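Visitor:
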Amino acid sequence: MGKLMVAEGLGVTVLPDYSVVGDPLERTGAITCRPLAGDATTVLLVVQRSRTGSVSRAARDLHRIFVERSEEHRSGGRVPHGSPGDL
1 MGKLMVAEGL GVTVLPDYSV VGDPLERTGA ITCRPLAGDA TTVLLVVQRS RTGSVSRAAR
61 DLHRIFVERS EEHRSGGRVP HGSPGDL
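Here the sequence shown stands for residues 1 to 87, where the numbers follow UniProt numbering.
Encoded structure:
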């Protein structure tokens with residue numbers, strides 16, 4: 001929601017770079033990423049899922065992608081930004 005409000009000229013927001021870089025709004029110039037000098041913030045993302053019941057393939061794939069991206073980030077690897085549908 002913050003990105004849409006910024007794109008509409010309703011203010012500013014602080015978001016992690018991975019939330020902005022490669023986003024369709026950023027690619028069209030509606031929003032811009034400006035790094036913070038001396039930034040040493042951390043982001044904690046938690047993915048929680050039920051161990052009981054069935055989980056859709058899409059949910060399993062999304063979980064796998066989050067885990068893979070997290071491992072790449074932790075190892076210092078650059079996560080490439082692909083098409084809008086890529087996570």
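The C-beta atom is built at its ideal place from N, Cα and C for all residues, glycine as well.
No experiment lies behind these values; they were computed from the predicted model shown.
Could you tell me the boundaries of the alpha helix (DSSP H) in which Met5 lies?
Guide: Taken as a continuous stretch (DSSP letters only), the alpha helix (DSSP H) holding Met5 covers Gly2 to Ala7.
Visitor: Could you check what DSSP says for Pro24 in three-state terms: helix, strand or coil?
Guide: Helix, per DSSP.
Visitor: Tell me which same chain residues have a C-beta within less than 7 Å of the C-beta of Val47, skipping the five on either side of it?
Guide: Contacts found: His63 and Phe66.
Visitor: Using the Cα positions of Leu45 and Leu15, report the straight-line distance between them to the nearest angstrom.
Guide: Straight-line Cα distance between these residues: approximately 13 Å.
Visitor: Start and end of the alpha helix (DSSP H) containing residue 105?
Guide: The structure shown does not extend to residue 105, since the chain is modelled only from 1 through 87, so no value can be given for it.
Visitor: Using the C-alpha atoms, what's the distance from Asp23 back to Ala30?
Guide: Answer to the nearest angstrom: the Cα atoms are 10 Å apart.
Visitor: With DSSP run on the structure shown, which of helix, strand or coil describes Asp39?
Guide: Asp39: coil per DSSP, three-state reduction.
Visitor: What residues in its chain sit with their C-beta under 6 Å from that of Met1, if we drop five residues either side in the sequence?
Guide: So the list is empty, once near-sequence residues are dropped.
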